[in-house]
Structure formats: structure tokens, C-alpha cells
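Numbering (this note's numbering), first residue to last: 33 to 430. Using N, Cα and C, we set each Cβ at its ideal position, and we do this for glycine too. Since the structure is predicted, the reported quantities are computational estimates derived from the model, not experimental observations.
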């Protein structure tokens with residue numbers, strides 16, 4: 033078996049084995065169900081702060097995959113429009129909230145008072161934006177956040193404007209990489225002089241979020257978040273690059289072990305018809321969640337087509353899996369389950385060797401194998417379709 037099993041910790045596997053060996057199937061089912069719900073419903077609160085005019089509100093929208101004029105987007109403008117912490121719920125994941133905090137550019141700014149007024153304890157981490165060099169207020173705020181044992185990251189925004197200005201001024205000698213390195217070095221040097229040790233600075237353009245340091249930034253954030261929050265962070269990222277799609281595939285793949293085991297545990301409970309109903313319910317929910325995560329539902333496809341000036345029919349044309357564009361319901365999944373899968377036996381044999389009681393229960397083993405194989409196949413198909421759709425969207429119209 034592969035890394036799909038990583039989301040189950042060794043401790044959880046031992047607990048599951050213990051519950052099954054003791055014959056306490058209800059307890060095992062409750063543990064798995066609770067673990068899945070904790071991952072799925074983990075709250076994530078991201079604070080965006082910085083001086084007025086740095087692009088905070090646009091960043092709030094971009095990281096949620098939204099345009100500035102879209103319904104539910106953060107209000108943007110040259111004049112500071114944020115007077116108090118304003119929560120913006122992710123359009124697809126209501127447990128993910130991006131907070132647009134008031135600007136910090138006033139002469140009387142006091143970092144500790146500011147953090148108290150915005151209720152700093154509710155945020156998982158802070159992102160401090162600047163469209164120029166980071167100033168004293170930015171540095172003071174970072175120090176105060178650090179003293180309160182919270183994570184913070186610096187984002188140098190609007191680097192696309194810097195590149196355009198450089199190209200106009202230095203038509204013969206302009207070099208994008210050199211300009212970006214110069215901006216980064218200046219930011220880091222300034223922050224170190226201000227007393228920030230090993231500052232993490234990411235160069236971004238909110239209008240072209242897929243470029244520059246966004247990939248490095250989301251890798252860093254994911255790595256430093258607790259595991260249960262890392263999952264929802266990755267799944268909620270906008271589908272703007274192939275690496276993000278791959279990270280989503282990996283994150284969702286890690287859930288399948290637990291989903292299949294839960295299905296198996298329920299299937300061993302001696303209630304007529306429950307095993308099949310459970311299998312179908314788990315599959316319907318998971319498959320619809322996968323489609324939403326990869327942005328292949330109809331609303332997301334239309335939004336992507338509009339963003340890149342494409343006809344939505346062109347994006348649909350590269351989708352190969354018929355399951356992606358069908359309504360995923362119990363009837364469809366029941367039909368798929370009835371067909372079986374060539375890999376089910378291999379999965380059942382693995383379960384039998386690792387969780388003995390599970391393997392000895394024929395219904396449970398078949399339920400496990402069928403559910404696992406079904407979800408793996410669908411996830412693989414939909415991830416490949418997502419890559420094809422994004423590649424098509426990014427194609428030049430020329």
C-alpha cells in the first residue's frame with residue numbers, strides 16, 4: 033500500500049485494532065467518525081493586516097478564489113475601508129475565515145493595543161502586507177505577535193507593478209529575476225535591522241496570485257499548521273496552479289483509508305442493509321466533495337471560464353470522466369458498487385493482514401475494499417480532469 037494511509041496515525045491504527053479485537057465495533061466506528069469530522073470541520077482563521085493601500089482586501093479575495101467585484105468579496109479601494117476586523121467566509125468551506133484587519137499606518141499605532149482590539153487569540157496566523165518596504169509599524173506588530181506565540185508571515189505585495197515600472201525605466205537592462213531578488217533582499221535586510229530574526233518574506237501579486245512566491249508561501253503555511261488544519265487549508269486553496277491541484281489530490285487521498293475503514297466497521301454491525309447504505313452514503317458525500325475541491329462543479333467551471341475569457345463548453349470538452357459531469361447520487365453510486373473492482377481483492381488482503389478481525393469478516397472486508405478502490409479511482413480521474421481543465425483555461429487565446 034502507498035502513502036494514502038498516512039492520515040491514520042500509528043496510535044489510531046492500534047486503537048482501531050484494539051476496539052475490533054475487543055469486539056467493540058461501535059467504539060471503533062465512533063472513533064473513526066469523530067476523527068473524520070475533526071479534519072473536515074477544523075476551523076481556520078487567517079488574519080490579513082498591514083498599512084492602508086497595500087492590497088489587503090484584494091488579497092483577502094484572491095486567497096479565497098474571488099474577484100474584487102464578486103458578491104461576498106471584501107470591499108477594496110485606495111482609501112482605508114476597514115475600520116474593524118471583518119470576517120470573510122470562504123465561499124466553499126464555511127469553517128475557513130479570512131479576516132481583513134484595520135490598517136496599521138497611523139502615527140499613534142501601538143502594536144499591543146492593536147492586537148488586543150482585534151482579538152489576536154482567535155487567529156491561527158497573521159499575514160502582514162506591504163506594497164513598499166516594511167516599516168516600523170510592521171516590525172513592531174510582528175514582534176508583538178511573536179511575543180504572543182503566534183505565527184506571522186510578511187508578504188510584499190504588488191510586485192507586478194514594480195516589474196512594470198522597472199521595465200519602463202530600464203528598457204535595455206531590465207531583468208525580472210534581478211528586480212525580484214533586489215526587492216526580497218531589501219525587505220529581508222530592513223526587517224533584520226528592525227530586530228526580526230530570519231524573517232519569512234513572500235513576493236506576490238494579488239492580481240496574478242499563481243506567480244512569484246505563492247507556491248512557496250502556501251507550502252510554508254501548510255508545513256507549519258497543525259495536521260488537522262493543514263488539510264482544510266490545502267483543500268480551500270484556489271485552483272490556480274498544477275502544484276496546488278496535486279497537493280489537493282494528496283490531501284484527499286490520505287482520507288480514503290479512514291473513510292474505507294469506517295465503512296467497513298459499520299458494515300460489520302449486524303443490522304440488515306446498513307453496510308450497503310453506509311457505503312453509498314460515504315461515497316456520494318466524498319465524491320461530491322472531491323468535485324467541489326477541484327472546482328469541477330458547474331458553478332466553478334463557469335467562473336473559471338469567465339476569469340480566463342473562455343467558453344465553458346471548451347473547458348467541459350477536456351473532461352474525460354463521465355462521472356465528473358453527472359449528478360453524483362445514491363443511484364449512480366449503487367450502480368458503480370454493483371460492478372465491483374479488480375483491485376478490491378488486493379485491498380481486502382491488505383486489511384486481513386493488518387487488522388485480523390476485519391479480514392475475518394467477509395462483509396467488512398469486501399466493504400473496505402470496494403469503498404477504498406472506488407474512492408481511489410474516482411479521485412484519480414477527477415484530479416486528472418482538473419489538470420486538463422486548468423491547462424485548457426491557461427491556454428493563450430491567440
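If you keep only unbroken alpha helix (DSSP H) runs of at least 4 residues inside the segment 63-103, you get 88-95. Rounded to whole angstroms, residue 64 and residue 318 show a C-alpha spacing of 15 Å. Residue 246 and residue 158 have their C-alpha atoms spaced approximately 16 Å apart.
CA-to-CA, the gap between residue 350 and residue 313 works out to about 29 Å.
Between residue 352 and residue 417, the C-beta gap is smaller than 8 Å, which places the two residues in contact.
Less than 8 Å separates the beta-carbon of residue 411 from that of residue 281. Excluding five sequence positions before and after residue 66, none of the CB atoms of its chain fall closer than 6 Å to its own CB.
By the 16-neighbour rule on beta-carbons within 10 angstroms, residue 290 is buried. According to DSSP, residue pairing for residue 235 in a beta bridge involves 188. The beta carbon of residue 117 is closer than 6 Å to those of 131, 133, 150 in its chain, skipping five residues each way along the sequence.
Taking C-beta separations shorter than 7 Å and ignoring five residues to either side along the sequence, the partners of residue 174 in its chain run 160, 184, 228, following chain order.
Taking the C-beta atoms as reference points, residue 238 is found nearer than 8 Å to residue 91. Secondary structure note for residue 150: it is in no alpha helix (DSSP H), with a DSSP letter that is neither H nor E. Sequence-distant Cβ neighbours of residue 368 in its own chain, meaning closer than 7 Å and more than five residues away, are 406.
Closest in alpha carbon position to residue 189, among 171, 163, 197, is 163. For residue 120, the pairing in a beta bridge is given by DSSP as 130.
With the rule of 3 Cβ pairs closer than 8 Å, the segment 215-231 does not count as touching the segment 70-79. In the structure shown, residue 340 falls within a coil segment according to DSSP collapsed to helix, strand and coil. For residue 273, the closest alpha carbon among the candidates 95, 68, 84, 70 is that of 95.
No residue range can be given for residue 349, since it is assigned to no beta strand (DSSP E) and is classified by DSSP as neither H nor E. For residue 224, the enclosing alpha helix (DSSP H) stretches over residues 208-225. Taken atom to atom, the span from the alpha-carbon of residue 182 to that of residue 144 is near 13 Å. The C-alpha of residue 100 is placed about 6 Å away from the C-alpha of residue 93.
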